[in-house]
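Undergrad:
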Amino acid sequence: MDYILHIIIMFAIYIMLVLSANLPIGMANLLTMCQAAFYGIGAYIGTFFLMQYNLPFLIIAAIVMIVTGAFSLIISLASVKLKDDYFILATLGFQMIVYTILYNWTDVTNGPYGIPGIPSIKLFGTLSLDAIWEYAVLSVVLAVAVALLFKKIKYSPFGRVLKAIRYDESSVNALGRNTVKFKVLTFFLSAAFSGLAGLVYASYVSYIDPTSFTLDESIFIITALFLGGIGNIKGPIIGALFVVLLPELLRFVGMPDAIAANMRQIIYGLALIAVMFTRPQGFWGENSYRV
Numbered sequence: 000m001d002y003i004l005h006i007i008i009m010f011a012i013y014i015m016l017v018l019s020a021n022l023p024i025g026m027a028n029l030l031t032m033c034q035a036a037f038y039g040i041g042a043y044i045g046t047f048f049l050m051q052y053n054l055p056f057l058i059i060a061a062i063v064m065i066v067t068g069a070f071s072l073i074i075s076l077a078s079v080k081l082k083d084d085y086f087i088l089a090t091l092g093f094q095m096i097v098y099t100i101l102y103n104w105t106d107v108t109n110g111p112y113g114i115p116g117i118p119s120i121k122l123f124g125t126l127s128l129d130a131i132w133e134y135a136v137l138s139v140v141l142a143v144a145v146a147l148l149f150k151k152i153k154y155s156p157f158g159r160v161l162k163a164i165r166y167d168e169s170s171v172n173a174l175g176r177n178t179v180k181f182k183v184l185t186f187f188l189s190a191a192f193s194g195l196a197g198l199v200y201a202s203y204v205s206y207i208d209p210t211s212f213t214l215d216e217s218i219f220i221i222t223a224l225f226l227g228g229i230g231n232i233k234g235p236i237i238g239a240l241f242v243v244l245l246p247e248l249l250r251f252v253g254m255p256d257a258i259a260a261n262m263r264q265i266i267y268g269l270a271l272i273a274v275m276f277t278r279p280q281g282f283w284g285e286n287s288y289r290v
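To convert, note that position 237 of the sequence shown is 236 in numbering that gives the first Met the number 0; the numbers rise steadily by one, no gaps.
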């Protein structure tokens with residue numbers, strides 16, 4: 000039973016991550032390569048407050064989301080005016096900078112040794128989440144809340160402006176809309192909810208280190224998004240389900256551990272190639288990525 004609950008928790012965390020990536024990529028056509036950086040920032044900031052302060056979860060979550068969103072301004076304000084490959088390279092550089100800081104700033108992050116013994120989340124004062132089923136309930140509630148919020152955003156005036164930016168940014172500028180402001184806010188929201196996922200992950204596994212927040216993780220999140228489909232809510236959820244269940248299914252094939260990880264990457268790559276050729280919009284996507 001604990002095994003199933005673990006899969007549910009990881010599925011819920013990746014729903015939040017992939018939906019967060021869908022906001023800039025699927026709705027504003029901003030292909031970002033630094034989702035894992037925000038994921039890691041949220042995990043480390045959340046770890047600091049969990050270990051240093053006896054605060055309720057909602058307060059820590061709000062702090063994590065605001066601070067992680069503030070970090071997104073570093074990259075968004077400097078690079079949202081860039082186009083296509085240049086923007087991708089800027090976000091890639093930010094991802095590498097964050098990983099390098101997490102790996103080398105040992106006085107704060109403990110570097111490659113990681114931070115063990117992260118306390119459980121406290122919902123109300125002293126009420127800690129000690130059982131795995133409690134984390135499953137919390138993570139599912141958060142994933143559903145994030146999905147409903149992003150669905151609301153999609154059909155809001157803000158979401159319609161993002162869709163217009165996606166298809167014809169020049170026309171949106173001509174109509175008097177400040178597209179830079181909308182892109183910066185999109186980046187802020189994406190980073191904030193990625194940070195929330197990092198907080199839940201850090202508290203659940205009770206140990207974090209920089210290797211969980213590498214460029215490979217960013218590519219993993221983007222792969223899930225493209226496989227499921229961009230531009231709506233169902234696509235990212237399907238993509239998250241695929242990338243979470245695939246490694247677990249390989250466990251039952253009897254594949255040796257030495258090659259299981261490599262085979263997983265090969266299967267992800269083949270699946271992505273197949274989807275791009277047959278369904279550029281993904282399994283359940285509204286749009287295909289525009290280049």
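For each residue, glycine too, the CB sits at the ideal point set by N, CA and C.
(1) Compare the C-beta of residue 91 against all C-beta atoms of chain C and say whether one is closer than 7 Å.
(2) Can you give, in chain order, each stretch of the alpha helix (DSSP H) that sits fully within the stretch 160-245 and has at least 4 residues?
(3) Hey, is the stretch 198-213 in contact with the stretch 92-106, meaning 3+ C-beta pairs nearer than 8 Å?
(4) Kindly give me the distance between the Cβ atoms of residue 272 and residue 46, rounded to whole angstroms, as I take these residues to be in contact under 8 Å.
(5) Using CA coordinates, which residue listed in 93, 159, 169 is at the minimum distance from residue 185?
(6) Counting Cβ pairs closer than 8 Å, one from the stretch 180-196 and one from the stretch 70-88, do we hit at least three?
(7) Just how far apart, CA to CA, sit residue 150 and residue 203?
(8) Look at the alpha carbon of residue 44 and the alpha carbon of residue 130, and state the distance between them as a whole number of angstroms.
(9) If we count the other Cβ atoms within 10 Å of its Cβ and call it buried at 16 or more, is residue 216 buried or exposed?
(10) Measuring only the C-alpha atoms, how far is residue 56 from residue 195?
(11) Taking residue 242 as the reference, which of 52, 63, 13, 178 has the closest Cα?
(12) Please identify the residue among 29, 219, 154 whose C-alpha is closest to the C-alpha of residue 84.
(13) If residue 240 sits next to residue 270, beta carbons under 8 Å apart, how far is it from one beta carbon to the other, in whole angstroms?
(14) Please classify residue 16: is it buried, with 16 or more other beta-carbons within 10 angstroms of its beta-carbon, or exposed?
(15) Cβ atoms of residue 234 and residue 281: under 7 Å apart, would you say?
TA: A quick look at the data gives this:
(1) This model lacks chain C altogether; it includes just one protein chain.
(2) 168-173, 178-204, 214-227
(3) yes
(4) In the sequence shown, counting from the first residue as 1, residue 272 sits at position 273. In the sequence shown, counting from the first residue as 1, residue 46 sits at position 47. The pair is not a contact, with the Cβ atoms about 37 Å apart (cut-off 8 Å).
(5) Within the sequence shown, the letter at position 186 stands for residue 185. Of the listed residues, the one whose Cα sits closest to residue 185 is 159.
(6) yes
(7) Taking the first residue of the sequence shown as position 1, residue 150 is located at position 151. Taking the first residue of the sequence shown as position 1, residue 203 is located at position 204. Looking at the two C-alpha atoms, the distance is approximately 27 Å.
(8) Here residue 44 corresponds to residue number 45 of the sequence shown, with the count starting at 1. Here residue 130 corresponds to residue number 131 of the sequence shown, with the count starting at 1. Taking the straight line from one Cα to the other gives about 23 Å.
(9) Mapped onto the sequence shown, residue 216 falls at position 217. Buried is the call here.
(10) Numbered from its first residue, the sequence shown carries residue 56 at position 57. Numbered from its first residue, the sequence shown carries residue 195 at position 196. Straight-line Cα distance between these residues: approximately 11 Å.
(11) Position 243 of the sequence shown, counting from 1, holds the residue named residue 242. Here the closest residue by C-alpha is 13.
(12) The sequence position of residue 84 within the sequence shown is 85, counting from 1. Comparing Cα positions, the closest option is 29.
(13) Position 241 of the sequence shown, counting from 1, holds the residue named residue 240. Position 271 of the sequence shown, counting from 1, holds the residue named residue 270. Residue 240 to residue 270, Cβ: 13 Å. No contact.
(14) Reading the sequence shown from its first residue, position 17 is the one you call residue 16. Classification for residue 16: buried.
(15) Counting from one through the sequence shown, the residue named residue 281 turns up at place 282. Counting from one through the sequence shown, the residue named residue 234 turns up at place 235. Yes, Cβ-Cβ distance for residue 281 and residue 234 is below 7 Å.
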